[in-house]
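Working notes, structure below.
Residue numbers (the numbering used here), protein chains in the order written: chain V, 220 to 418; chain F, 220 to 418.
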């Protein structure tokens, strides 16, 4: 946080160290109760006990609340792929990166479920989610190319990894199973290896 | 074409048997020349030598011109998967269906290239293209489930197939290579099999 923002916040009478988290929770609760389209930024700020100005310091708009984590996730995946030992095959480097991200997401399962229910209910948000996944696949392919993997192997490993992640994530969100996300990702990868082997 | 439409067309003074194809060509030419956003339905109709009314009998809006083939493609893929012999593995049933569709697309390579250039230049159209691909993956997974393949194998085979198709299609559109689309799909599938085998 920049000094200017802190001073500005003090000018507002108080400094809210967890404003961002409170805004996310308030937004998700309201989207679930009233629907995404019916919720206004003013209502989100009020529910969080913060001002609209504070909201707009953290998020460009109400849609951004749901997708703000995507940039962080992408950076995390790209560095995990970059850091994998040279001996690791491309698909396994991708799967290991997704598994590590899955372990972080696992700690926010209830948040992830609520978020996914909001997204599933709105066509525009579903589109945005698909774009974020396509962008993750591109970023992973780029990370593999920087490891010296040429195309189409780099793109196919990345796309296959995202397919594995997508299916594992859906099972994690929808099933009552107690399996955690990293485990479901491993199982999905094994299943992909089995189906591409023609089994 | 229904009798009512033919009569209506006759009432307009003439019947245009290839109105749809002419509208598609006119639209694509104008999108390429001026950009998608700058082109109006009136201009497309004028370029095709037809009326706006005729345009709207064939397409809901100017975006639909670019995606009208998606429903046909989806039905084609779903029946090809349904018709595959029982002995064929799910991923191979999907790949064979995509290869057969690729053979049809191959005959419209120049159209496909022009269309892809228009889509690449517009964020909204890129979103629509991703949604159509996601919808194809869902439809293929459904076709596999009706063959008795359970999830996650059905979904993974479908998603993997769409990844193979996407990469093959991009190469076909962008490369100067003389390889045709069905061949590129076969090569992409072989490459996917190699990368998932950890090679």
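Note that beta-carbon positions come from the ideal geometry of N, C-alpha and C, so glycine has one too.
A direct Cα-to-Cα measurement between residue 323 of chain V and residue 269 of chain F gives close to 58 Å. For residue 401 of chain F, the uninterrupted alpha helix (DSSP H) run begins and ends at 400 to 415, by DSSP. Around the Cβ of residue 360 of chain V, a 10 Å sphere holds 16 or more other Cβ atoms; the residue is buried.
The alpha carbon of residue 388 of chain V has as its nearest neighbour, out of V/374, V/376 and V/403, the alpha carbon of V/403. For residue 405 of chain F, not one C-beta of chain V is nearer than 8 Å to its own C-beta. By the neighbour-count criterion, in which a residue is buried when 16 or more other Cβ atoms sit within 10 angstroms of its Cβ, residue 376 of chain V is buried. A straight line joining the alpha-carbon of residue 378 of chain V with that of residue 379 of chain F spans about 8 Å. Under the Cβ distance rule, residue 417 of chain F counts among the residues neighbouring chain V, one pair being separated by less than 8 Å.
Close partners of residue 350 of chain V in chain F (Cβ separation under 7 Å): 346 and 349.
Exclusion of the five residues before and after residue 411 of chain F leaves 379, 382 and 383 as the residues of its chain whose Cβ lies within less than 8 Å of its Cβ. F/320 is the residue among F/320, F/413 and F/274 whose C-alpha sits nearest the C-alpha of residue 290 of chain F. Below 8 Å, enough C-beta pairs join the region 361 to 372 of chain V and the region 299 to 310 of chain V to call them touching: three or more. For residue 333 of chain V, the enclosing alpha helix (DSSP H) stretches over residues 328 to 339.
Here DSSP, grouped into helix, strand and coil, assigns residue 273 of chain V to helix. DSSP, reduced to helix, strand and coil, places residue 257 of chain F outside both helices and strands of the structure shown, so it counts as coil. Sixteen is the threshold: when 16 or more other Cβ atoms of the shown chains lie within 10 Å of the Cβ of residue 318 of chain F, as they do, the residue is buried.
For the 8 Å CB-CB criterion, residue 295 of chain F and residue 351 of chain F do not form a contact. Going by DSSP, residue 351 of chain F is part of the alpha helix (DSSP H) stretching over 342 to 365.
Note on geometry: alpha-carbon atoms of residue 244 of chain V and residue 256 of chain V lie some 17 Å from one another. When the Cα atoms are used, residue 397 of chain V and residue 408 of chain V turn out to be separated by approximately 18 Å. Where residue 293 of chain F is concerned, the enclosing alpha helix (DSSP H) starts and stops at 288 to 302. Per DSSP, residue 321 of chain V is one residue of the alpha helix (DSSP H) stretching across 309 to 325.
For residue 279 of chain V, the secondary structure class from DSSP, reduced to helix, strand or coil, is coil. Proximity to residue 392 of chain V across V/252, V/330, V/281 and V/283 peaks at V/330, based on C-alpha coordinates.
For the 8 Å CB-CB criterion, residue 261 of chain F and residue 271 of chain F form a contact. Where residue 380 of chain F is concerned, the enclosing alpha helix (DSSP H) starts and stops at 372 to 393. When Cβ-Cβ separations below 8 Å define contact, residue 300 of chain V makes no contact with chain F.
Here DSSP, grouped into helix, strand and coil, assigns residue 268 of chain V to coil. Taking C-beta separations shorter than 8 Å and ignoring five residues to either side along the sequence, the partners of residue 354 of chain F in its chain run 289 and 293, following chain order.
Taking 8 Å as the threshold, the shortest C-beta distance from residue 248 of chain V to chain F does not fall below it.
For residue 246 of chain F, same chain residues with a beta-carbon under 6 Å away, outside a window of 5 residues either side, are 263 and 284 in chain order. Chain F has no Cβ within less than 8 Å of the Cβ of residue 338 of chain V. Contact of residue 375 of chain V with chain F by beta-carbon distance below 8 Å involves 382, 383, 386, 407, 410, 411 and 414. Residue 358 of chain V and residue 336 of chain V have their C-alpha atoms roughly 26 Å apart. Taking 8 Å as the cut-off, the beta carbon of residue 311 of chain F is found closer than this to the beta carbon of residue 417 of chain V. Closest by C-alpha distance to residue 281 of chain F, out of F/314, F/332 and F/343, is F/343.
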